[in-house]
Each structure stands twice: as structure tokens, then as C-alpha cells.
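**Student:**
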Amino acid sequence: MSYVFGVIIPYAAIIIFIAGFLYKIAQWAAAPVPFHIPTACGQQRSLRWILSSRLDNPHSTLGVIGRMALEILFFRSLFRNTGAELKPGPVLVYGSAKWLWLAAMGFHWSLLVVLIRHLRFFTEPQPELITLIQNLDGFFQVALPVLFLSDVILITALAFLFIRRLADAKLRYLSLAADYFPLLLIGSIAVTGMLMRHISKVDLRSVKELTLGLIALQPSIPQGVGILFYIHISLVSVLFACFPFSKLMHMSGIFLSPTRNLANNSRMRRHVNPWNYDVKVHTYEEYEEEFKPVMTAAGLPVEKAGSADEESAS
Ligand code: HEM
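When the sequence shown is numbered by our numbering, its final residue is 562 and no position is left out of the sequence of numbers.
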């Protein structure tokens with residue numbers, strides 16, 4: 249079964265991931281955007297003497313890039329998230345809610361660091377940058393092998409995000425299996441990874457031989473790759489195969505979101521819906537031309553002097 253779990257399942261997962269990802273992107277990219285709908289969270293650019301909000305209501309591509317970068321790197325809109333609570337009275341009270349932002353930042357950044365560190369299994373020789381990140385991440389030198397700070401943050405943030413959905417009645421009501429599944433899956437991947445590192449060690453040289461073989465398209469199963477590694481890699485394969493069909497696609501979807509990637513320049517440029525069909529209009533001139541004899545007969549004023557036929561008709 250080593251070949252199934254070490255080669256066939258990972259390859260199948262990667263193929264589904266790439267094909268599914270490209271399919272979704274192509275589908276989104278082909279979706280028409282007939283309306284200009286950027287989210288406006290500040291003063292729009294208008295007259296020169298009115299101060300506009302370049303980031304919260306960007307009117308240029310540079311502003312859009314700035315807003316997008318702050319959103320992607322620091323989850324700026326989530327930072328402004330507020331919580332609503334019904335207190336006795338009943339009174340609806342709004343308050344600051346920063347824990348979700350903190351957990352989301354902790355989760356995404358630590359996941360990125362874990363993934364960058366994992367590149368050591370796919371590169372030979374290992375790039376200096378990965379060694380540097382690894383050293384910084386293990387800075388506290390707690391335990392042996394060193395406990396990575398990113399692992400601790402990842403597990404803590406995942407636990408918070410999971411418990412938050414269960415503890416709050418409103419969120420529990422809103423949450424679906426599709427919300428719990430990625431948290432549980434990534435949590436299981438992280439737990440099996442940490443078990444491999446700290447409890448039941450695997451032969452890292454064999455693991456590297458396997459991964460280098462996989463990326464060189466010359467797969468082979470070396471001796472000494474423990475069962476825990478196969479569990480880890482199978483869970484990772486499930487994650488990759490599900491990725492394009494799950495909410496995890498927000499990773500790429502954010503770039504294609506018209507509310508975020510459009511500049512709010514609608515006072516500077518006229519945006520015409522490309523779907524607008526040609527409206528058949530009846531101008532006043534045409535109206536007058538048609539009804540002039542009747543209008544003149546009824547004594548109504550007309551704008552154009554009458555033509556010869558009309559004169560004779562009247
Ligand atoms: C979404 C993808 C993945 C996640 C979230 C993940 C997560 C983790 C975590 C949190 C650890 C604990 C120790 C550390 O952080 O280095 C770990 C260890 C490990 N992971 Fe992964 N992993 C992923 C993919 C992979 C893949 C594709 C491989 C294949 C080579 C792999 C192989 C390993 C191995 C061998 C260890 C033990 C490292 C050690 O003993 O130092 N992981 N993983």
C-alpha cells in the first residue's frame with residue numbers, strides 16, 4: 249500500500265488541485281462584470297478641494313493595489329469587524345471584535361511559514377532563505393527537536409476558530425459542515441506533523457528521497473518512511489483535492505472580486521453597462537414632424553416652420 253499512499257494518492261490530488269483551480273479561475277474570469285461596484289468605505293474622489301480617501305475609496309489602480317495589499321496581508325476589513333450582542337433590556341450593543349482578526353492573522357501567517365519551511369523537502373540544496381526562516385521560527389529553542397513558534401500559533405489559532413463556531417449560538421446556527429471541515433482537516437495535518445517531529449520520529453532523509461522523486465516524476469518508495477508520514481501526506485492530499493471545490497478558494501477569489509479590484513472612478517469616467525440594448529427613442533423633432541398638421545390645426549405652438557405639404561393640408 250506504500251505506493252498507493254506515497255505516490256498514487258498524492259499525484260491524483262495534485263492533478264485534481266491544478267485542474268480544479270484553473271477551471272474555477274477560468275469560470276470566474278469569464279463571468280461578466282456589467283456594473284461598477286467597488287466597495288466604498290470612505291469619501292469618493294470628486295472636487296479637488298474635497299479630501300478623498302485614497303485607500304478606502306480608491307480612484308486609481310495604485311489605490312486599488314494598496315487597498316488589496318492591506319486586505320490580503322493584514323485582513324484590514326476584518327480588523328474593522330464589529331460584534332453585535334443583545335443585552336438585557338433588550339438593547340442591541342455593538343462593540344469592537346478583534347479576536348477573530350487576531351486568530352485569522354495568526355492562522356494564515358503561521359500556515360504560510362509552515363509551508364515555506366516545508367520547501368526543504370522539495371529542494372536540494374536547501375535555499376538559504378528557508379534556513380533563515382527556520383532559525384527565526386525556532387528562535388526560542390524550546391525542546392529538542394526545536395519547537396517552532398509557527399506550529400504553536402497554528403494549532404492555537406485553529407483551536408480558537410473551531411471553538412468559536414461551537415461556543416457562540418449564533419455562529420453555531422450559521423455554521424455548516426463546509427466550515428468545520430477545513431479547520432478539522434488542517435488541524436489534523438498539523439497534529440500529525442507535530443507528532444512526527446516530536447513524538448514518533450520519521451526518517452527525514454527517506455521522506456526527502458520520496459518527495460524529490462515525486463517532483464522529478466520518478467517516484468520510488470524508500471525504506472523507513474513511517475506510517476505517520478503516510479497519514480500526514482494522505483490528509484494533505486485530501487486537502488489539495490478538496491481545495492478547488494471548497495471555501496478555501498477565497499485564496500484566489502479575493503483577486504477576482506469586483507468589489508475589491510475596481511477603482512471607484514465613476515465620477516471621472518462614465519461606465520456604460522455593455523449589456524444595454526439600443527433603446528428605440530422617439531425624439532421631440534420626430535413627434536412634431538408626425539403630428540404637426542394636427543397640432544397646428546389645434547392652435548398648439550410648433551417649433552419648426554411648416555413645410556409646403558403641411559401648409560396646403562391646413
Ligand atoms: C497543507 C500542507 C501541509 C501542512 C499544513 C503541514 C503541516 C505540518 C506541520 C504543522 C508540521 C509540524 C512540524 C513543522 O512545522 O515542520 C509538519 C511536519 C512534517 N510534515 Fe507537513 N504539512 C503539509 C504538507 C506536507 C507535505 C506535502 C509533506 C511531504 C513531504 C509533509 C511532510 C512533513 C514531515 C516529514 C514533517 C516532520 C518534520 C520534522 O520532523 O521536522 N508535510 N507538517
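Note that CB positions come from ideal geometry on N, CA and C, so glycine has one too.
Is any beta-carbon of chain B found at less than 8 Å from that of Ile-475?
**Tutor:** No chain B is present in this structure, which holds just one protein chain.
**Student:** If we ignore side chains and look at the alpha-carbon of each, how far apart do Val-281 and His-519 end up?
**Tutor:** Position 33 of the sequence shown holds residue 281. Position 271 of the sequence shown holds residue 519. Between Val-281 and His-519, the C-alpha separation is close to 11 Å.
**Student:** Using DSSP's beta-bridge definition, name the partner residues of Val-339.
**Tutor:** Numbered from 1 along the sequence shown, position 91 holds the residue referred to as residue 339. Answer is Lys-335, bridged to Val-339.
**Student:** Beta-carbon within less than 7 Å of Gly-290's beta-carbon, same chain only, minus the 5 sequence neighbours each way: which residues are those?
**Tutor:** Taking the first residue of the sequence shown as position 1, residue 290 is located at position 42. Excluding positions up to five away in sequence, the list reads Ser-301, Asp-304 and Asn-305.
**Student:** Are the beta-carbon atoms belonging to Ala-426 and Leu-406 less than 8 Å from one another?
**Tutor:** As a position in the sequence shown, residue 426 is number 178, starting the count at 1. As a position in the sequence shown, residue 406 is number 158, starting the count at 1. Cβ distance not < 8 Å, so Ala-426 and Leu-406 don't count as in contact.
**Student:** If you follow the alpha helix (DSSP H) that Cys-490 is part of, which residue opens it and which one closes it?
**Tutor:** Stepping through the sequence shown from its first residue, residue 490 is reached at position 242. Per DSSP, Cys-490 belongs to the alpha helix (DSSP H) from 475-490.
**Student:** Name the one or two DSSP bridge partners that Thr-330 has.
**Tutor:** Taking the first residue of the sequence shown as 1, we reach residue 330 at position 82. According to DSSP, which records beta bridges pairwise, Thr-330 is partnered with Ser-344.
**Student:** Please tell me whether, using a cut-off of 7 Å, the distance from the CB of Met-442 to the nearest non-hydrogen atom of the ligand HEM is below it.
**Tutor:** Position 194 of the sequence shown, counted from the first residue, corresponds to residue 442. Result yes, Cβ under 7 Å from the ligand HEM.
**Student:** Thinking Ala-332 and Tyr-342 are a contact (beta carbons under 8 Å), I'd like their distance in whole angstroms, please.
**Tutor:** In the sequence shown, residue 332 corresponds to position 84, counting from 1. In the sequence shown, residue 342 corresponds to position 94, counting from 1. Ala-332 to Tyr-342, Cβ: 5 Å. Contact.
**Student:** Whose C-alpha, out of Lys-335, Val-529, Asn-512 and Met-497, is nearest the C-alpha of Ile-273?
**Tutor:** If you number the sequence shown from 1, residue 273 lands on position 25. Selected option, being the one with the closest Cα: Met-497.
**Student:** Would you check whether the ligand HEM has a heavy atom nearer than 7 Å to the C-beta of Ile-313?
**Tutor:** Indexing the sequence shown from 1 puts residue 313 at position 65. Checking the Cβ of Ile-313 against the ligand HEM gives no.
**Student:** Does the region 501-518 come close enough to the region 434-450 that 3 or more CB-CB pairs lie under 8 Å?
**Tutor:** The region 434-450, when compared against the region 501-518, does not touch it at the 8 Å Cβ threshold.
**Student:** Applying the 10 Å Cβ sphere with the 16-neighbour rule, what's the burial state of Lys-495?
**Tutor:** Working through the sequence shown from its first residue, we reach residue 495 at position 247. Flag for Lys-495 reads exposed.
**Student:** Indicate whether the contact test is met: 3 or more Cβ pairs, each with one atom in the region 311-329 and one in the region 372-381, closer than 8 Å.
**Tutor:** They do not touch, by the three-pair rule.
**Student:** What does the alpha-carbon distance come out to for the pair Pro-420 and Leu-414?
**Tutor:** Mapped onto the sequence shown, residue 420 falls at position 172. Mapped onto the sequence shown, residue 414 falls at position 166. The sequence as given places Arg at residue 420; Pro does not occur at that position. Taking the straight line joining both Cα atoms gives about 5 Å.
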